[in-house]
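Novice: First the structure, then my questions, so here it is.
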Amino acid sequence: SSPGMANLLVKYTAEALLTEVEAVDIYHAHGGEPVEGPAVIKHRFHSMEIDIPVFLDGEYKTVKLFEESGKALEEETDFRDVGTYPVYAYPHPETITLPKHIKGVKRVTNLGLVIPTSYAQLIKDMVRLGLTSDEPLEVQGQMVIPREFAVAYVLSKRDGLLEEAGITEPRGCLKIVVKGKKDGEPHTYIFSMSSRGMGMGEGTGIPAALGAIAMGQGKIARKGVFPPEAAVDPMDMIKLAGEVIKSSGKGDKLPIYIEHMDKDGKVESLGLNI
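Take a look at the structure:
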């Protein structure tokens, strides 16, 4: 989940794999859930309309999705088991909290989309065209709120766009790219957590449940409101997640895939041995 496991994998990298963390780029792609309600669409509208927090060049900044500041962050990335997709800036708390707890980091971004691309583009078009206003308009004698129309229109097109893209079940991937140095030499670590048949619901609910279990076990002693990286031991959560996966019968290990790129560009796969 992002935020959640993403934060802890970054913390794990900072504590166990690198002596300096320079950049963190978090990517997520998901879609194909059986149902999406109006609140989900409105949340996406909101995420595209607001100033999006990022951490660039060692400073907190904001970007606008449809302005050059936001477009400069757009890129294509490959998601394990999901495919290659264009991603864009998305407002998430990691870009605010990680710089406070990972010393020396100069860049933290969060980029993502809902799939298929045609569905994400339709939602973006509603915002870009100004159809997300709450100011009523008179249409043939009836008062219509543009935002409510836009939500209804997006939802009316969703099933057709999923069918056109061949998406018949939930799928998703969370990818975290951490760049930094170990003993003065550059290294990159890429973490991927992906699934077919499970999507946003499981990706959000399971990590939250793991947090509740860890609290019940006394592994999180701090009180108050704080991000995972402020008080949670990454290995405690990783081990707990592995135990839950095994006991659920949905696998024999935690589905975290790790790639390491050294200073020469050589890539190797690693394991957590959990």
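Quick note on my numbering: the sequence shown kicks off at 676 and runs consecutively.
We treat Cβ as the ideally placed atom computed from N, Cα and C, and that holds for glycine.
1. Tell me which same chain residues have a C-beta within less than 7 Å of the C-beta of Pro766, skipping the five on either side of it?
2. Spatial neighbours of Arg803 within its chain, please: C-beta separation below 7 Å, excluding the five flanking residues on both sides.
3. How about Lys793 and Glu734: do their beta carbons lie closer than 9 Å?
4. Curious, which full-length beta strand (DSSP E) runs of at least 3 residues does the region 722-794 contain?
5. For the pair the region 866-877 and the region 840-851, tell me if three or more CB-CB distances fall below 8 Å.
6. Using the three-state DSSP reduction, which class does Ile842 fall into: helix, strand or coil?
7. Do Lys736 and Gly745 have their beta-carbon atoms positioned less than 9 Å apart in this structure?
8. Is it buried or exposed, Ala887, if we count other Cβ atoms within 10 angstroms and call 16 or more buried?
9. Is the CB-CB distance between Asp858 and Thr694 below 9 Å?
10. Given Arg719, which residues of its chain have a CB within under 8 Å of its CB, disregarding the five upstream and five downstream residues?
11. Evaluate contact between the region 822-842 and the region 684-703, counting only Cβ atoms and requiring at least three cross-stretch pairs below 8 Å.
12. What residue from Thr772, Asp908, His705, Glu844 has the CA that sits closest to Pro902's CA?
13. Express the C-alpha separation of Ala896 and Met801 in angstroms, rounding to a whole number.
14. Can you name the start and end residues of the beta strand (DSSP E) that Ile865 belongs to?
15. When we look at the beta-carbon of Val942 and count the other beta-carbons within 10 Å, is it buried (16 or more) or exposed?
16. Which value, in whole angstroms, describes the spacing of the CA atoms of Val757 and Arg846?
17. Helix, strand or coil for Glu823? Go by DSSP, reduced to three states.
18. Helix, strand or coil: which one does DSSP assign to Val699?
Specialist: Taking the geometry as given:
1. Ser722, Ile725, Ile727, Pro728
2. Phe741
3. Contrary to the premise, residue 793 reads as Ser rather than Lys in this sequence. Taking 9 Å as the Cβ cut-off, Ser793 and Glu734 do not qualify as a contacting pair.
4. 727-731, 734-738, 750-754, 758-764, 782-790
5. yes
6. coil
7. no
8. exposed
9. yes
10. Val789, Ile798
11. no
12. Thr772
13. 45 Å
14. 860-871
15. exposed
16. 7 Å
17. helix
18. strand
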